[in-house]
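Structure first, commentary second.
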Amino acid sequence: TLEPVKYYFKMPPDIAERDAIIVDPMLATGGSAAAAAQFLKEVGVKHIKLMSIIGAPEGVERMQAEHPDVDIYLAALDDHLNDHGYIVPGLGDAGDRIFGTK
Numbered sequence: 001t002l003e004p005v006k007y008y009f010k011m012p013p014d015i016a017e018r019d020a021i022i023v024d025p026m027l028a029t030g031g032s033a034a035a036a037a038q039f040l041k042e043v044g045v046k047h048i049k050l051m052s053i054i055g056a057p058e059g060v061e062r063m064q065a066e067h068p069d070v071d072i073y074l075a076a077l078d079d080h081l082n083d084h085g086y087i088v089p090g091l092g093d094a095g096d097r098i099f100g101t102k
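What follows is the structure in C-alpha cells.
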C-alpha cells in the first residue's frame, strides 16, 4: 500500500529529553521515516536523526519537506523509485530479505 502502519510504539518516560535515531534500512518513499519522526515529535523529542543504508531522491525530498529539522544520513543514494515504490537499482525489499517472507 506504500502507507506506514504503526504496530508498536513504546518509548521510555524521559524520551523528550533524549536524542532519537530512526534506523530504516531503505528510505524509499519516506512514508515510514516521516511517520516515525512525527510519532517522536508528538511525544516531545526535539533532536532526531534518520539513518538508512540506501535511499531514493523521493524519500529524501519527502523527509526534507515534512521534517526539515531531521538530519538524514545515507550510505548510498540511488536513482529513483519504480512503479511499485522500490528503489532502483536498489536491493529489492529489505524486510523480505531480512525476514525471509518472499
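If you're matching positions, the sequence shown starts at 1 in full-length UniProt numbering and goes up one per residue.
Even for Gly, the Cβ is constructed at its ideal location relative to N, Cα and C.
| Item | Value |
| --- | --- |
| Counted within 10 angstroms of its Cβ, other Cβ atoms place residue 67 as buried (16 or more) or exposed | buried |
| Own chain partners of residue 76 with C-beta closer than 8 Å, once the 5 adjacent residues on each side are dropped | 53, 54 and 55 |
| CB of residue 50 within 8 Å of CB of residue 33, strictly | yes |
| Distance, residue 24 Cα to residue 5 Cα | 14 Å |
| Which of helix, strand or coil DSSP assigns to residue 76 | strand |
| Alpha carbon of residue 40 to alpha carbon of residue 86, nearest angstrom | 26 Å |
| Buried or exposed (CB count within 10 angstroms, at least 16 for buried), residue 78 | buried |
| Assumed close pair residue 62, residue 30 - CB separation to whole angstroms, cut-off 8 Å | 3 Å |
| Minimum length 3: unbroken beta strand (DSSP E) runs contained in the UniProt domain "Phosphoribosyltransferase" (1 to 101) | 19 to 23, 47 to 55 and 71 to 77 |
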